[in-house]
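Number of protein chains: 2
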Amino acid sequence: MSYRAPIKEIRFALEHMAGLNELRQAGEAESLNPELLDAVFDAAARLAEDVLSPLERVGDREGSRLENGVVVTPAGWREAYERYAGGGWNALPFAAEDGGQGLPWTIAMAVQEIWHGANTAFSLCPLLNQAAAELVTRYATQELRARYLPKLVSGEWTGAMSLTEPQAGSDLGAIRTRAWRDGETWRLQGQKIFITYGEHDLTENIVHLVLARTPNAPAGTHGLSLFLTPKFLPDTDGTPGERNDLRCVSLEEKLGIHASPTCLMAYGDNGGATAFLIGEESRGIEAMFTMMNNARLGVGVQATGIAERAAQMARAYAAERVQGREIGDASGKSAKIIQHPDIRRMLLTMRARIEAMRGLALSAALAIDLARRHPDPERRRLEQERADLLTPMVKAWCTDSAVEIASLALQVHGGMGFIEETGIAQVYRDARITPIYEGTNGIQAQDLVFRKVGRDGGAAARGFIHEFGALAKELQHNELRNSVAELEHALDWLLSALQRNPREAGAVSTPFLRLCATVAGGAILAKGAAAAQSLLAQPESDRGFLQARIAQARFYAQAILPEANSIASAITTGAAAATLDATDEAL
Amino acid sequence: MSYRAPIKEIRFALEHMAGLNELRQAGEAESLNPELLDAVFDAAARLAEDVLSPLERVGDREGSRLENGVVVTPAGWREAYERYAGGGWNALPFAAEDGGQGLPWTIAMAVQEIWHGANTAFSLCPLLNQAAAELVTRYATQELRARYLPKLVSGEWTGAMSLTEPQAGSDLGAIRTRAWRDGETWRLQGQKIFITYGEHDLTENIVHLVLARTPNAPAGTHGLSLFLTPKFLPDTDGTPGERNDLRCVSLEEKLGIHASPTCLMAYGDNGGATAFLIGEESRGIEAMFTMMNNARLGVGVQATGIAERAAQMARAYAAERVQGREIGDASGKSAKIIQHPDIRRMLLTMRARIEAMRGLALSAALAIDLARRHPDPERRRLEQERADLLTPMVKAWCTDSAVEIASLALQVHGGMGFIEETGIAQVYRDARITPIYEGTNGIQAQDLVFRKVGRDGGAAARGFIHEFGALAKELQHNELRNSVAELEHALDWLLSALQRNPREAGAVSTPFLRLCATVAGGAILAKGAAAAQSLLAQPESDRGFLQARIAQARFYAQAILPEANSIASAITTGAAAATLDATDEAL
Numbered sequence: 105m106s107y108r109a110p111i112k113e114i115r116f117a118l119e120h121m122a123g124l125n126e127l128r129q130a131g132e133a134e135s136l137n138p139e140l141l142d143a144v145f146d147a148a149a150r151l152a153e154d155v156l157s158p159l160e161r162v163g164d165r166e167g168s169r170l171e172n173g174v175v176v177t178p179a180g181w182r183e184a185y186e187r188y189a190g191g192g193w194n195a196l197p198f199a200a201e202d203g204g205q206g207l208p209w210t211i212a213m214a215v216q217e218i219w220h221g222a223n224t225a226f227s228l229c230p231l232l233n234q235a236a237a238e239l240v241t242r243y244a245t246q247e248l249r250a251r252y253l254p255k256l257v258s259g260e261w262t263g264a265m266s267l268t269e270p271q272a273g274s275d276l277g278a279i280r281t282r283a284w285r286d287g288e289t290w291r292l293q294g295q296k297i298f299i300t301y302g303e304h305d306l307t308e309n310i311v312h313l314v315l316a317r318t319p320n321a322p323a324g325t326h327g328l329s330l331f332l333t334p335k336f337l338p339d340t341d342g343t344p345g346e347r348n349d350l351r352c353v354s355l356e357e358k359l360g361i362h363a364s365p366t367c368l369m370a371y372g373d374n375g376g377a378t379a380f381l382i383g384e385e386s387r388g389i390e391a392m393f394t395m396m397n398n399a400r401l402g403v404g405v406q407a408t409g410i411a412e413r414a415a416q417m418a419r420a421y422a423a424e425r426v427q428g429r430e431i432g433d434a435s436g437k438s439a440k441i442i443q444h445p446d447i448r449r450m451l452l453t454m455r456a457r458i459e460a461m462r463g464l465a466l467s468a469a470l471a472i473d474l475a476r477r478h479p480d481p482e483r484r485r486l487e488q489e490r491a492d493l494l495t496p497m498v499k500a501w502c503t504d505s506a507v508e509i510a511s512l513a514l515q516v517h518g519g520m521g522f523i524e525e526t527g528i529a530q531v532y533r534d535a536r537i538t539p540i541y542e543g544t545n546g547i548q549a550q551d552l553v554f555r556k557v558g559r560d561g562g563a564a565a566r567g568f569i570h571e572f573g574a575l576a577k578e579l580q581h582n583e584l585r586n587s588v589a590e591l592e593h594a595l596d597w598l599l600s601a602l603q604r605n606p607r608e609a610g611a612v613s614t615p616f617l618r619l620c621a622t623v624a625g626g627a628i629l630a631k632g633a634a635a636a637q638s639l640l641a642q643p644e645s646d647r648g649f650l651q652a653r654i655a656q657a658r659f660y661a662q663a664i665l666p667e668a669n670s671i672a673s674a675i676t677t678g679a680a681a682a683t684l685d686a687t688d689e690a691l
Numbered sequence: 105m106s107y108r109a110p111i112k113e114i115r116f117a118l119e120h121m122a123g124l125n126e127l128r129q130a131g132e133a134e135s136l137n138p139e140l141l142d143a144v145f146d147a148a149a150r151l152a153e154d155v156l157s158p159l160e161r162v163g164d165r166e167g168s169r170l171e172n173g174v175v176v177t178p179a180g181w182r183e184a185y186e187r188y189a190g191g192g193w194n195a196l197p198f199a200a201e202d203g204g205q206g207l208p209w210t211i212a213m214a215v216q217e218i219w220h221g222a223n224t225a226f227s228l229c230p231l232l233n234q235a236a237a238e239l240v241t242r243y244a245t246q247e248l249r250a251r252y253l254p255k256l257v258s259g260e261w262t263g264a265m266s267l268t269e270p271q272a273g274s275d276l277g278a279i280r281t282r283a284w285r286d287g288e289t290w291r292l293q294g295q296k297i298f299i300t301y302g303e304h305d306l307t308e309n310i311v312h313l314v315l316a317r318t319p320n321a322p323a324g325t326h327g328l329s330l331f332l333t334p335k336f337l338p339d340t341d342g343t344p345g346e347r348n349d350l351r352c353v354s355l356e357e358k359l360g361i362h363a364s365p366t367c368l369m370a371y372g373d374n375g376g377a378t379a380f381l382i383g384e385e386s387r388g389i390e391a392m393f394t395m396m397n398n399a400r401l402g403v404g405v406q407a408t409g410i411a412e413r414a415a416q417m418a419r420a421y422a423a424e425r426v427q428g429r430e431i432g433d434a435s436g437k438s439a440k441i442i443q444h445p446d447i448r449r450m451l452l453t454m455r456a457r458i459e460a461m462r463g464l465a466l467s468a469a470l471a472i473d474l475a476r477r478h479p480d481p482e483r484r485r486l487e488q489e490r491a492d493l494l495t496p497m498v499k500a501w502c503t504d505s506a507v508e509i510a511s512l513a514l515q516v517h518g519g520m521g522f523i524e525e526t527g528i529a530q531v532y533r534d535a536r537i538t539p540i541y542e543g544t545n546g547i548q549a550q551d552l553v554f555r556k557v558g559r560d561g562g563a564a565a566r567g568f569i570h571e572f573g574a575l576a577k578e579l580q581h582n583e584l585r586n587s588v589a590e591l592e593h594a595l596d597w598l599l600s601a602l603q604r605n606p607r608e609a610g611a612v613s614t615p616f617l618r619l620c621a622t623v624a625g626g627a628i629l630a631k632g633a634a635a636a637q638s639l640l641a642q643p644e645s646d647r648g649f650l651q652a653r654i655a656q657a658r659f660y661a662q663a664i665l666p667e668a669n670s671i672a673s674a675i676t677t678g679a680a681a682a683t684l685d686a687t688d689e690a691l
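Chains as they are written, first to last, in the numbering used here: chain A, 105 to 691; chain B, 105 to 691.
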């Protein structure tokens, strides 16, 4: 199947769901002028459709291989990466003084969705690289910035995020990799697992951002420091020089994203890898969270891209496959399966959810941009709150949805869906990583409930929900109004549980996140549908496209949003107690 | 992981959910005496745990290969099959006069779950073989029975179900394989795809049951006849003789069940395969449906076994993996992840659903047995109605649930879940076939709505639902009572849609099936919990086990059953119209 970059849908979501004008009014009018955006998205579509997408199957078949300590990416990968970096794509969201293009993250994330729709195993490398560059921008010394940032921004070098150890996954406090001073610099020693693109042949250098423990540092996450550890130590002029003491020991054999090398990395086997402290000692987790929050949003965007690809494949198959007759048609004429109501239901379920996922992810990106760029400090604070609430929702809900959508898309293919040749099985396998990495979705739910909702007694969450309520009232949208009310009940219950017994809150954290995101998705679609309705009144409007937005929002409100009510009812009427009262023997 | 056959759980489901006493009272007391059942299940557990389960990973790694026209199964497969057939397991549900053990299907299905939990790619062969033997028992002439049945019953030969063609999947009416008379017998010619175990090296002969079209037969399914087409034509003494004109052209490369050969079969390339008519000409679909209904129930049972394996793996991992600290524990002590409320929620979700799946599947099997064996003809009719309603629900709901449960189980493993070495990724891949084959779940939903519910204006369905209502009332079970009421509303809506516009009924057929099964699952668990409550009063009762049944039923009622209400609300308030009003551009 040939992937088509959903530019119209993305542009609609940017303008009418996320609301790009807010950012224009905050001083970004120049970088967001429609002609420039046309050019950006058209060029992205060309690269995605013509270069990245055709390599998606090859990547799965060949995978990346470890040969004599070097990871060899699949055929064509390196040329594709050169096109990507050479086209200036990696530099999109970075400041001009660092060699960037100065576009808002909102646009960079919208473009990232296209890369992931085309070829997600490839695009993971840029995803992490941009997050790494963002971290270096914000936390590294001027000297480190000068030496590393231009190369990371341009994509000439890539960044890797080196956190996990066998005993330290969700719990980074258990990290054992240690670092010690050695003159001007540091040395570090330890093993890390699950390091995505920790080693590869796409670029001449790889910059590892490694969490490690310094001597006498306190236990737990607050004893961790962050180190920049390059594969090759650059000379003063930026040429990669001496090989550093780090190596890829092995690659994991995974369910999916075969072309993305998942490395077991050994640092300092020969005396210690040369490393440079980023930020203050023992405050590495703070800096790492900058990178992680960026990557979490990125993974939500990745999931949206994967889901889009899956839906396109299912749509194309359904429009082609002839099987059975239309219900109620006595003529005996064969039908395309897209004519069957149950298939339409599946396709519409995918589409409505994807538009909601996209709308939410881009809203989160917009909030991040506004939190940095808006002239009003109070508004910046509010947007940061919104970004904080939305990030775990986007990460968890979009990724769970991507898995469900990939499964539905596979189902539309019938027996062919289970055959690897068709390609949809790969999408199903690839999608499955997204609820796991960058913090499992369970961790996202804990983050939402205990930090983002709990830290201010629910004030930020309540404000967020009130906005949906106001929208529902304004649009006289009864389904949305109902589910907002249910969400408020669930929030009240949750806040009292946080006081009474935090374990109860933990027991419903995942359902609560899903509830929030399901309602937020309904709200964002309703907002888009209202905009589409207004646009329909304009002459020369794209009627079919706009009516489709309205139809998707209606389907979501009728068929998907009711799920919110059942989740809220479970939360408020005893699901937590039923969970916690069960003994181990019931599990 | 070492799979443990869940004998206690299965025995509990047999006695207290399905209700084995009904069958004892219908004259099966002898074959169902508890000591005999102890012996059967203990022996099954030994074979499953010691022989089949250790081959599960090997099967995935090696897969079955086509070499010079012969399918070679993985190492150890053949010896395992000899143990299976040699132990008399294949003969379990067949009549003594055919060489069988004369046990009810209910017991055979309960045992089948254990095979699938241990090694589902292996156990597909017996699943289809038993369905084929059942078909031959009921439709073949005395002569064919005499020649083929003893071998199929014993498992010395296996049966294959040969239906699908490239243009004829869900729509069997499009089958083009043709058959023509040739003296006493028939010849047939055509290609079939997706033929599970159509060729293999486990037995000396394979009996293909092939749907084909005879000359001048009417178009559609009513022009199809069923043919027994052996790989080797047996002599009068039953020794496989001349090779028949059929061959395996290629094997599909699949997402999962790698060891189960999925064959492209060519029949009659050299003049026509010798074939024997089963049943009457042009009435093949009727006979095939016997086999398919058996296999559909079998696939629901398979899904239960796969889900059980997944849950056991997740449970074992959670009890071992140390990560993070308990919520509210300030001591800094590390915790096993099974102590985290969100992990408990996941494990309990799996367990509660599996017990409901098992209860439903065994209830369906019991209804089938009672429909054949009960002395009262009116009761037989009622039980057949119940079996007809339950079969599509068991097939679709249990298989969708297995996919969701395998995904949850993978999630409990965190990053390790995505690594093939851990084994849970295989379960996730293997599970995904079950919603597809033996009629996609969409087809099951059409079958439920248009045939099983629609054919008598909803009378049978209403009776079925009333039983849940009576149970809810008797147990004073408010959650169940609520969702039964919601289900009744949805049924009323559906029945009027069937009158008004069947496409509307089609658009909500899948949600309606899920609604029915979700409520039925709640009812069966409530029944089990009530029995557990009574048993607790007995001295020396297995308190921990019984309390766990009650805890699972409670969790289901609180956390899972509310889903029924949201589905019912979607069905009754406009999901169908929202689906059908959307144009192709919205999909």
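Glycine is no exception: its CB is placed at the ideal position from the N, C-alpha and C atoms.
Rounded to whole angstroms, the separation of the alpha carbons of T325 (chain B) and E384 (chain B) is 14 Å. Bounds of the alpha helix (DSSP H) holding G648 (chain A) are R647 to F659. Secondary structure note for W501 (chain A): its alpha helix (DSSP H) is the uninterrupted segment P481 to V516. Put simply, of B:A663, B:I654 and B:T676 the residue whose alpha carbon is nearest the alpha carbon of A686 (chain A) is B:I654. Contact residues of the segment 448-459 of chain B toward chain A are R448, R449, L451, L452 and R455 (C-beta to C-beta distance below 7 Å). DSSP places R559 (chain B) in the helix class (H, G or I) of the three-state scheme. Inter-segment contact for the segment 225-237 of chain A and the segment 391-403 of chain A is present: three or more beta-carbon pairs are separated by less than 8 Å. When DSSP reads this structure, C352 (chain B) sits in a beta bridge with B:M369. Using a CB distance cut-off of 8 Å, Q656 (chain B) counts as an interface residue toward chain A. As DSSP reads the structure, T300 (chain B) sits in a beta bridge with B:T366. Where H312 (chain B) is concerned, the enclosing beta strand (DSSP E) starts and stops at N309 to R317. Note: G294 (chain A) is bridge-paired with A:Y371 in the DSSP secondary-structure output. Within the same chain, A415 and Q656 come within 7 Å of R455 (chain A) by CB-CB distance, once the 5 residues on both sides are set aside. Chain B places a beta carbon closer than 8 Å to that of S670 (chain A), counting this residue as a contact.
Secondary structure at T262 (chain A): strand, using DSSP grouped into helix, strand and coil.
Using a Cβ-Cβ cut-off of 7 Å, G428 (chain A) is close to S274 and D275 of chain B, given in chain order. Interface criterion not met: the Cβ of H593 (chain A) is under 8 Å from no Cβ in chain B. The beta strand (DSSP E) runs lying completely inside the segment 422-457 of chain A and spanning 3 residues or more are 426-429 and 438-440, given in chain order. Cβ-Cβ distances below 8 Å link D339 (chain A) to G345 in the same chain, with the five nearest sequence neighbours on each side left out; the list follows chain order.
If you compare the alpha carbons of B:F226, B:V257, B:G625 and B:L228 with that of T241 (chain B), the shortest gap goes to B:V257. Our two residues, E412 (chain A) and V531 (chain A), have alpha carbons roughly 10 Å apart in a direct line. Residues of the segment 502-521 of chain A that bring their beta carbon within less than 8 Å of a beta carbon in chain B comprise V507, S511, L514, Q515, G518, G519 and G521, in sequence order.
Taking C-beta atoms under 8 Å as the contact rule, L337 (chain A) and V314 (chain A) fail to qualify, at a distance of about 15 Å. Segment contact: the segment 250-269 of chain B against the segment 198-211 of chain B, three or more CB-CB distances shorter than 8 Å; contact assigned.
In the DSSP assignment, P230 (chain A) falls within the unbroken alpha helix (DSSP H) covering T224 to Y243.
Beta-carbon to beta-carbon, L591 (chain A) and A609 (chain A) are separated by about 15 Å, too far to satisfy the 8 Å threshold.
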